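Protein chains in written order, with UniProt numbering: chain V, 1 to 432; chain E, 1 to 432.
Yeah, the Cβ is synthetic: ideal placement off N, Cα and C, and Gly gets one too.
Note that the structure is a prediction, hence the values are computed from the model and not measured.
As structure tokens, the structure follows; a few thoughts come after it.
Protein chains: 2
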Amino acid sequence: MMVATMSTSIGSASALRAPSSNKRAGRSPRALVCRAQKQDGQARRSVRSAAATMEAPVGEEEGFQNVWRASYEADNESPELTKNWKKTMKVAVTGAAGQISNHLLFMLASGEVFGRDQPIQLQLLGSERSRVALEGVAMELEDSLYPLLREVQLGIDPRQVFADADWALLIGAKPRGPGMERKDLLDINGQIFQEQAQALNEVASRDCKMLVVGNPCNTNALIGMANAPDLPKRNWHALTRLDENRAKCQLALKAGKFYTSVTNCAIWGNHSTTQVPDFVNAKIGGKRVPAVIKDTAWLKEEFTPKVANRGGALIKKWGRSSAASTAVSVADHLRSLYTPTPMNDCFSTAVSTEGNPYGIDEDLVFSMPCRSTGDGDYEVIDDFVIDDWLAAKIKESEAELQKERDCVGHLIPGATRAVCMITEDTMLPGEN
Amino acid sequence: MMVATMSTSIGSASALRAPSSNKRAGRSPRALVCRAQKQDGQARRSVRSAAATMEAPVGEEEGFQNVWRASYEADNESPELTKNWKKTMKVAVTGAAGQISNHLLFMLASGEVFGRDQPIQLQLLGSERSRVALEGVAMELEDSLYPLLREVQLGIDPRQVFADADWALLIGAKPRGPGMERKDLLDINGQIFQEQAQALNEVASRDCKMLVVGNPCNTNALIGMANAPDLPKRNWHALTRLDENRAKCQLALKAGKFYTSVTNCAIWGNHSTTQVPDFVNAKIGGKRVPAVIKDTAWLKEEFTPKVANRGGALIKKWGRSSAASTAVSVADHLRSLYTPTPMNDCFSTAVSTEGNPYGIDEDLVFSMPCRSTGDGDYEVIDDFVIDDWLAAKIKESEAELQKERDCVGHLIPGATRAVCMITEDTMLPGEN
């Protein structure tokens, strides 16, 4: 198949990083397109050789690197279409050939996440093994004709793919192999996130925001922020929104109400079986949950396992992990940061505990109730009621995250401790 | 796992078909929920036994049938949320546990297809083999907390699942097995569509609209309309929107323009290799394509195969068929019917040729350029220029569809001919 069919050709690394390209809201630079077209055959060969020798120096031929790009002129578009658009947002996604991404990328490209006036550029990170599949993903995105999707770049080197990224959705992680212990997984994935954080620190936008989905996500995010000293710590998130969504669903089902009536439902702590879905502060129809669901034993004993085991229950039915609803929760997470949070409501995200109002160890990534003014940033809500039950549960999850942090001390610059004491498996069933 | 966790319990067939339930815009009937909860354990058992003996009479126990439902009270919802909502649309989907549906159902539930004021009820048809997977799909839909998704029903009997349906998205079809010839596939899938059409004729809304995605989709739709005499013929569609999207993408790539500048691009004929992507009437930036793309040989010789082979090229990259972009094209198809078509533009859908202005055999399902006023209905555009090249290509696709019709004469009441002369394989590469 010809390059023309693939519609992907190669841009130069310098062009990829040119700050001026950020200023053209939704328009691809014409010169670049022509250049890529002219030098197509030659450039493609250089990619092939770069792929064959990934460690070899790249960019010998006029700075070409193994990053594909699909570029178009926007000359013939109706000005009506683009005149109110914001400047293009660059969204890097890792694990881009995987199942979660296969849902998420289409949601991002459709505009339902960042808004119908927000053009985006997708910068997709695959692996040597998935690079051809990634081309398939790019073809399907093309065939979907999303007006807001202005450009797709594919690559296997985070230092190229993360260039100028405004968001990095870090989905890719190694699944746990047979016989692998949790501490092995912490180490293996920790190394991946260390490398990616270093790349982000080097090449991403200085206000790049990061969302870690790959597990163990809280500690991966902690490793990330420690290895990206030039990026704001508060810009790191680990995903607990799927847990929040599942918690809302379970509360609604138990109460026999529709889930839109459940609000202020936070997840505290680690994205693991020690997570704490908060029924103390959650409300159903504006009333506190314990006033609606009188079954205290269910709330204290069954509710949390139901939420934590949902992925496991699902994989038994469906035969594979919950990629679609995970992607939906990533979309929800992002939307929550770009929409003002309604009064008396919150969303959950695992973020840096630095300066947190709840006395949690200040050097963790911990899920807490947050709100946003809709500018992409957030604040931790400071007036949640912490009763004894909640306090004890939060302590447990905190202790687990402290242990995880000790396990990955060798991946955290300046860490004082690197001894792995983890023996229990608190991985969520149904997740890698 | 308990029924409470599944959130699925069983409604009565009579309740499912009660016309009054249609009148409650976006509200689940309270009485039903209570009833289902009360009789949960008993009802669930009756389902199990119905499942075990699918042919046995169902509904012995107070009319319970093997249809699950997830129902909620909407009492505690903010009236602001639902006050401007339309009445709930019932959307039946077959092949609901498959890959295309796994994308499409989330698009439907999110509101991006039928609009943010259109609550929907999903009625999902699986098979005996996929019924447990279907429960997994329903769980993921629940965990996604879509406000507009008011109810999900699962079942394996089309006569139950299609009850009162406003739309039937007929995605499920048998894939071609090894050594199976095209005429065998026509027969096997034709039987499925005959049965489903009979069920629709019996139980669906009298204005139910049908979109056939399962292949060979044009002829499946022809069989469908012949076996559903009480439903309007014009309500049957077969999907050629993915072909249209791919054609637009290829024209844009060839011209080096962004695809939003390609308009009025129709697909004529069969969803097969004889399809005719129409570059004669298509425009790029408002100019006719041949005035923009001067490479006539490419337009006449390469363009059509590029479109037709796109799925095959993709499956080679991606390792599986193009489920996501197919789902996107189904969403596009539906949206086109509920959005006024812009001036000087069209969308493609394969519909009944009865009374068509182009002299095409009037007893086929044939893709043609259409427009809509946004009311869910369409009209065939009558002023497309048919030059000699286009006329000849349209004739070829017409002849193929006539042959397909002859092959399935035994499935079409009143058909005068049932002799299968098909020898060539015109199935699109990369499709089942």
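Practice prompt. Under 6 angstroms Cβ to Cβ from E:A266, same chain only, skipping five residues before and after it: list those, please.
Written response: D278, C346, S348, P369
Discussion item. Taking 9 angstroms as the threshold (beta carbon to beta carbon), is E:S133 in contact with chain V?
Written reply: The question names Ser, yet the displayed sequence has Ala at residue 133 of chain E. Output row for E:A133: interface = yes.
Item to complete: Please compile the residues from chain V whose C-beta is within a distance smaller than 9 angstroms of the C-beta of E:P147.
Response: F258, Y259, T260
Worksheet item: Do you know how far the Cα of E:T260 is from the Cα of E:R116?
Response: 24 angstroms
Item to complete: Work out the CA separation of E:F303 and E:A291 for me, nearest whole Å.
Response: 16 angstroms
Discussion item. Strictly under 9 angstroms for the Cβ-Cβ distance: is E:S49 near chain V by that measure?
Written reply: With a pLDDT of 24 at E:S49, under the threshold of 50, the modelled position of this residue cannot be trusted, and the question is left open.
Fill in: Nearest candidate by alpha-carbon position, reference V:P429, set V:C407, V:W85, V:R320
V:R320
Practice prompt. Kindly indicate which three-state DSSP category E:P305 falls into: helix, strand or coil?
Written response: helix
Worksheet item: Which of helix, strand or coil does DSSP assign to V:A163?
Response: coil
Item to complete: Check the DSSP bridge columns for V:R288 and list the partner residues they point to.
Response: V:K283
Practice prompt. May I ask you to verify whether the stretch 182-189 of chain V touches the stretch 231-246 of chain V, counting CB pairs closer than 8 angstroms and requiring at least 3?
Written response: no
Fill in: Closer than 8 angstroms: E:A308 CB and nearest the ligand NAP heavy atom
Questions concerning the ligand NAP fall outside what the structure shown contains, since it holds no ligand whatsoever.
Worksheet item: In the stretch 336-388 of chain V, which residue ranges form an unbroken beta strand (DSSP E) of at least 3 residues, counting only runs that do not cross its ends?
Response: 347-352, 365-371
Worksheet entry | Cβ-Cβ separation, V:A221 to V:A238 (assumed contact under 8 angstroms), whole Å | 4 angstroms
Discussion item. Just to confirm before moving on: does the CB-CB distance between E:A282 and E:V276 stay below 9 angstroms?
Written reply: no
Fill in: Rounded separation between V:A247 and E:G376 - CA only
37 angstroms
Discussion item. Short of 8 angstroms in beta carbon distance, which residues of its chain neighbour V:A133, apart from the five on each side in sequence? Order them along the chain.
Written reply: A97, G126
Fill in: Assigned secondary structure, E:H237 (DSSP; H/G/I helix, E/B strand, else coil)
strand
Item to complete: Compare the C-alpha of E:L299 against each of E:V328, E:V280, E:A173 and name the closest.
Response: E:V280
Discussion item. Beta carbons nearer than 9 angstroms to chain V: which residues of the stretch 287-308 of chain E have them?
Written reply: K287, V292, K306
Practice prompt. Return the CA-CA distance between E:G359 and V:V213, expressed in angstroms with no decimal places.
Written response: 56 angstroms
Practice prompt. Jot down the residue ranges of each uninterrupted alpha helix (DSSP H) in the stretch 85-110 of chain V, minimum 4 residues, whole runs only, in chain order.
Written response: 99-110
Fill in: Short-range partners of chain V found in the stretch 88-104 of chain E, where Cβ spacing is below 9 angstroms
A97, N102, H103
Worksheet item: Under 9 angstroms, do E:W318 and V:E135 count as touching if we go by C-beta distance?
Response: yes
Discussion item. Quick check on DSSP: helix, strand or coil for V:I223?
Written reply: helix
Worksheet item: Is the stretch 159-166 of chain V close to the stretch 91-111 of chain V, with three or more CB pairs under 8 angstroms?
Response: yes
Discussion item. Is V:P413 close to chain E? Criterion is C-beta to C-beta, closer than 9 angstroms.
Written reply: no
Worksheet item: Is there a Cβ from chain V that is less than 9 angstroms from the Cβ of E:D143?
Response: yes
Worksheet entry | Contact the stretch 100-120 of chain E vs the stretch 320-335 of chain E: 3+ CB pairs below 8 angstroms | yes
Worksheet item: By the 10 Å Cβ neighbour count, where 16 or more other Cβ atoms means buried, how is V:S28 classified, buried or exposed?
Response: At V:S28 the pLDDT is 35, less than 50, meaning the model places this residue with poor confidence; the figure from the coordinates comes in the next sentence. It is buried - the Cβ of V:S28 has at least 16 other Cβ atoms within 10 Å.
Discussion item. Quick check: what's the CA-CA separation for V:G414 versus V:V408?
Written reply: 12 angstroms
Worksheet entry | With 16 other Cβ atoms within 10 Å as the buried cut-off, status of V:V419 | exposed
Item to complete: Please decide whether E:D332 counts as near chain V, where near means a Cβ-Cβ distance under 9 angstroms.
Response: yes
Worksheet item: Is E:R116 helix, strand or coil by DSSP?
Response: coil
Worksheet entry | E:L170 - partner residues in DSSP beta bridges | E:T94, E:V212
Worksheet item: Under a CB-based cut-off of 9 angstroms, is V:S127 close to chain E?
Response: no
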